[in-house]
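Novice: Count the sequence shown with our numbering and you get residues 7 to 95, in order.
Each residue gets a CB set at the ideal place from its N, CA and C atoms; glycine is no exception.
These figures come from a predicted structure and were not determined experimentally.
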Amino acid sequence: MREGSLSDKTPPLDMKRGEVVNYKKCRFQAFVCRGVRDESDVKTALAEIRSEKAVAKASHPHIYAYICPQGSMSDCNGERGAGRVWVDS
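Here it is in structure tokens:
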């Protein structure tokens, strides 16, 4: 498994969180995850982030983008291209 088991020599995902930004009665927080190899790593990181109480209560907790060796993807959850901007930059 990705969490550093003996059968997998890959290091665990390196996740960093940004400061919470308040803008027009909304709160935003960025998370950056290094070491992502494929979509299963993305799902692992998203599950960890979404397990936090504040994120679970968020109106739009599903806005994300990723780039890994197998490709890129974004999910804007109805926010008109919010995740695509990150992939394109």
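Do Val42 and Leu19 have their beta-carbon atoms positioned less than 8 Å apart in this structure?
Specialist: Within the sequence shown, residue 19 is the residue found at index 13, counting from 1. Within the sequence shown, residue 42 is the residue found at index 36, counting from 1. Cβ distance < 8 Å, so Leu19 and Val42 count as in contact.
Novice: Mark Tyr70 as exposed unless 16 or more other C-beta atoms lie within 10 angstroms of its C-beta, in which case mark it buried.
Specialist: Residue 70 sits at position 64 when you count from the first residue of the sequence shown. Tyr70 is buried by the Cβ-count criterion.
Novice: For a test of the three-state rule: what should DSSP assign to Val26, helix, strand or coil?
Specialist: Position 20 of the sequence shown holds residue 26. Reduced to three states, the DSSP call for Val26 is coil.
Novice: Can you give me the Cβ contacts of Tyr5 inside the same chain, cut-off strictly under 7 Å, excluding the 5 residues immediately before and after it?
Specialist: Nothing can be reported for residue 5: it is not among the residues displayed for the chain, which extend from 7 to 95.
Novice: State the DSSP-derived secondary structure class of Asp44, mapped to helix, strand or coil.
Specialist: As a working mapping, residue 44 is identified with position 38 in the sequence shown. The answer is coil: DSSP assigns Asp44 none of H, G, I, E or B.
Novice: Is it right to say Ala60 is buried, meaning 16 or more other beta carbons lie within 10 angstroms of its own, or is it exposed?
Specialist: By one-based count along the sequence shown, residue 60 stands at place 54. When all chains shown are included, Ala60 counts as exposed.
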